[in-house]
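Take a look at the structure below.
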DNA sequence: CTGTTAGCGCTTTCAC
DNA sequence: GTGAAAGCGCTAACAG
């Protein structure tokens, strides 16, 4: 005979109070650490709670206090290291402020994002950190209208007034442009992201604005945009290759984009030919040092963005101001010259 | 003057009932889709709910029904693509079953895992999917004792009887051993994971059990273990290099481990020497095709494991049996011969 | 400082 | 089929 499953009901605060020999309210006061309580009842309640393995019922607490101490974090692609790094840092920071993070992954899909916004609303999260896809959906409009404290991460949406914590894209692209000039590249293929995503638009705009002063060709045949995912970027890279405009360097506008571009280059040109093309990227990935030639990159400080975002939304929840912030980038030059 | 923040209180089911001109209970019955309701009240309640933008209060619902429709997913390293892939698939599957997933990241740290178990308990999740670090902590013991439906993902803990959904490590390592023999490697450095993690122990055991029949050296100086993270693996690789035992191939026991090992090889031996060593890995990473030479790998079906895990815990919640499952691996041979 | 009590929003009896 | 009412576990307001 197997041992019985003795599934005991979780202890409630009532059990704790009874065991400690105090009233319900006193137990609550001790356990919430709020008002004054005598050292005696404090000790007895704590002891009773420990003996019973008491863990407060979150939903009941949330219902009564009308707050959950939960933050929603909706990222656009959890498999993108930028976001998994960000999510990790945000969780840590949230925990330090007494919040739990509900992490959701929209997978660069607006419908999934809407579904999660709905879930968050029903969970009654206290605040939302959001890296949106693109335009404002009815669901998002409702979320904003509800007055839920909201900050954007790395991406914004036209017409929604919320603080944004993200990368200084102008600086990052500037670093890439400087590097391209230093390396003497004139014909550069630019593989961007969707213009509907602010990050995509900003990086493209900064590139367009600066390329001429940096001696880079303005041939529009070298400009393409994917979807910020590897497959879409590979297709974009192929479209440039199809045009037959020659180039000596490729600039990928985020990590997955660069991955897709490199894949396409190697498939279409073969490994040897592809190795004659220098690649530079926004986002620094683990393997860039192993590529041939090594890939230089703008490193975004995903962790700092996550931390700042949490602090921002915590400020909003507390009724304080939050003004958003652009986080500086660093450039990792892996070109042969830089290695000497 | 800025526009006023009109933060309207969220509509409650009481508001919906009033607007529809029915009693509270009727509105509830319609919205929960449970009992019989007349077509008339059904229509009016639904209309009222839509007009008010009603979204049910999850905590209140949870309190009353004594269930949350939330699953906890505790992974050991969200930045590891294996887990981010798994988490994504699990979320999708959970949604299909009417559950929301609370995703937490223990970062290969037992204390953080305990903290999240506590949070999950207070949130009153309905079930837990867990990729544990190692041994059984008091917190985990309490979780198990509470009778919470639990399944393990890819890793188990000695002495805890819960179904496990994970990779068929024996098969995967067998594929590596076959490949090593085919490639004619005799001196192979094995960089494993902690023996306290079942995955680490299993892969190591399978390797030890099979290496002799596959003509591989049994020199213990070639065996080392890291922590399943890149830095720890790099140190492990360096320890092997320090011993001066020559080898022609390296076997990394998971993705981050292989990353760290390759980094160490290139730093210590230089790029050219390192390129003489063939590398093979459990976990197939994006960049393995770009490495020189390309890295062959056992591909784990993380998505399938995530889906099966969700189905397993959903079965447990429903009081059904769940027996766990080993998911087959596929081997991706990127050696020069295979490319022809 | 502590006991008592109302009530958060919802589901689910129990009558009718 | 529907209305009324109890109560899930907790916090906070109010007396004492």
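Residue numbers (our numbering), protein chains in the order written: chain B, 1 to 340; chain F, 341 to 680. For glycine and all other residues, C-beta sits at the position ideal for the given N, C-alpha and C.
Three-state secondary structure (DSSP) of residue i
| i | result |
| --- | --- |
| residue 245 of chain B | coil |
| residue 547 of chain F | helix |
| residue 665 of chain F | strand |
| residue 301 of chain B | coil |
| residue 68 of chain B | coil |
| residue 671 of chain F | strand |
| residue 199 of chain B | helix |
| residue 38 of chain B | coil |
| residue 343 of chain F | Low confidence applies to residue 343 of chain F: its pLDDT is 43, below 50, so where it sits in the model is not reliable enough to give any reading. |
| residue 137 of chain B | coil |
| residue 636 of chain F | strand |
| residue 10 of chain B | coil |
| residue 657 of chain F | helix |
| residue 432 of chain F | helix |
| residue 394 of chain F | coil |
| residue 424 of chain F | helix |
| residue 177 of chain B | helix |
| residue 650 of chain F | helix |
| residue 362 of chain F | coil |
| residue 631 of chain F | coil |
| residue 239 of chain B | helix |
| residue 472 of chain F | coil |
DSSP bridge partner residues for residue i (one or two, in chain order)
| i | result |
| --- | --- |
| residue 619 of chain F | F:590 |
| residue 563 of chain F | F:530 |
| residue 105 of chain B | B:75 |
| residue 164 of chain B | B:152 |
| residue 467 of chain F | F:411 |
| residue 440 of chain F | F:410 |
Whether residue i touches residue j by CB criterion (9 Å)
| i | j | result |
| --- | --- | --- |
| residue 468 of chain F | residue 411 of chain F | yes |
| residue 448 of chain F | residue 568 of chain F | yes |
| residue 415 of chain F | residue 385 of chain F | no |
| residue 672 of chain F | residue 628 of chain F | yes |
| residue 173 of chain B | residue 210 of chain B | yes |
| residue 598 of chain F | residue 533 of chain F | no |
| residue 429 of chain F | residue 643 of chain F | yes |
| residue 59 of chain B | residue 464 of chain F | yes |
| residue 667 of chain F | residue 641 of chain F | yes |
| residue 255 of chain B | residue 81 of chain B | yes |
| residue 298 of chain B | residue 175 of chain B | yes |
| residue 73 of chain B | residue 62 of chain B | no |
| residue 320 of chain B | residue 253 of chain B | no |
| residue 246 of chain B | residue 187 of chain B | yes |
| residue 736 of chain F | residue 484 of chain F | Outside the displayed range of chain F (341 to 680) lies residue 736 of chain F, so it cannot be described from this structure. |
| residue 564 of chain F | residue 105 of chain B | no |
| residue 322 of chain B | residue 240 of chain B | no |
| residue 630 of chain F | residue 243 of chain B | no |
| residue 601 of chain F | residue 577 of chain F | yes |
| residue 171 of chain B | residue 68 of chain B | no |
| residue 334 of chain B | residue 296 of chain B | yes |
- Evaluate contact between the region 648-657 of chain F and the region 487-505 of chain F, counting only Cβ atoms and requiring at least three cross-stretch pairs below 8 Å. At 8 Å Cβ cutoff, the stretches touch.
- Is the number of C-beta pairs between the region 269-279 of chain B and the region 162-170 of chain B that are closer than 8 Å three or more? Under the Cβ criterion (8 Å, minimum of three pairs), the region 269-279 of chain B does not count as touching the region 162-170 of chain B.
- Going along the chain, which residues of the region 628-660 of chain F sit with their C-beta nearer than 8 Å to a C-beta in chain B? From the region 628-660 of chain F, only 629, 630, 631 and 632 have a Cβ closer than 8 Å to chain B.
- Query: Is the region 552-567 of chain F in contact with the region 619-628 of chain F, if contact means three or more CB pairs nearer than 8 Å?
  - Reply: Because the criterion of three Cβ pairs below 8 Å is not met, the region 552-567 of chain F and the region 619-628 of chain F do not touch.
- Evaluate contact between the region 29-36 of chain B and the region 435-452 of chain F, counting only Cβ atoms and requiring at least three cross-stretch pairs below 8 Å. Contact fails between the region 29-36 of chain B and the region 435-452 of chain F, because fewer than three Cβ pairs, one in each stretch, are under 8 Å apart.
- Task: Would you check if the region 52-60 of chain B and the region 387-396 of chain F touch, i.e. whether three or more CB-CB distances between them fall below 8 Å?
- Result: The region 387-396 of chain F, when compared against the region 52-60 of chain B, does not touch it at the 8 Å Cβ threshold.
- Message: Is it the case that the region 603-612 of chain F contacts the region 258-274 of chain B, given that we only count it when at least three CB pairs across the two stretches are under 8 Å?
- Response: The region 258-274 of chain B vs the region 603-612 of chain F: no contact.
- Message: Please list, in chain order, the residues of the region 58-72 of chain B that have any C-beta partner in chain F closer than 7 Å.
- Response: Under the 7 Å Cβ criterion, the region 58-72 of chain B contributes 58, 59, 60, 62, 63 and 68.
- Message: If the cut-off is 7 Å on Cβ atoms, which residues from the region 224-250 of chain B count as contacting chain F, listed in chain order?
- Response: Listed in sequence order: no entries.
- Along the region 140-156 of chain B, what residues have a CB closer than 7 Å to any CB found in chain F? Within the region 140-156 of chain B, the qualifying residues are 142, 146 and 147.
- Would you list, in chain order, the members of the region 613-628 of chain F that have their beta-carbon closer than 9 Å to a beta-carbon of chain B? Those residues of the region 613-628 of chain F that come within reach of chain B (Cβ to Cβ, closer than 9 Å) are 625, 626, 627 and 628.
- Against chain F: residues of the region 103-124 of chain B by CB proximity under 8 Å: If you check each beta-carbon in the region 103-124 of chain B against every beta-carbon of chain F, the ones closer than 8 Å belong to 103, 104, 105, 107, 115, 118, 119, 121, 122, 123 and 124.
- Please name the residues in the region 78-97 of chain B whose beta-carbon is closer than 8 Å to at least one beta-carbon of chain F, in chain order. Within the region 78-97 of chain B, the qualifying residues are 78, 79, 81, 84, 85, 87, 88, 91 and 95.
- Query: According to a CB-to-CB cut-off of less than 8 Å, which residues of the region 594-606 of chain F neighbour chain B?
  - Reply: Going along the region 594-606 of chain F in chain order, one finds 599, 602, 603 and 606 with a Cβ nearer than 8 Å to chain B.
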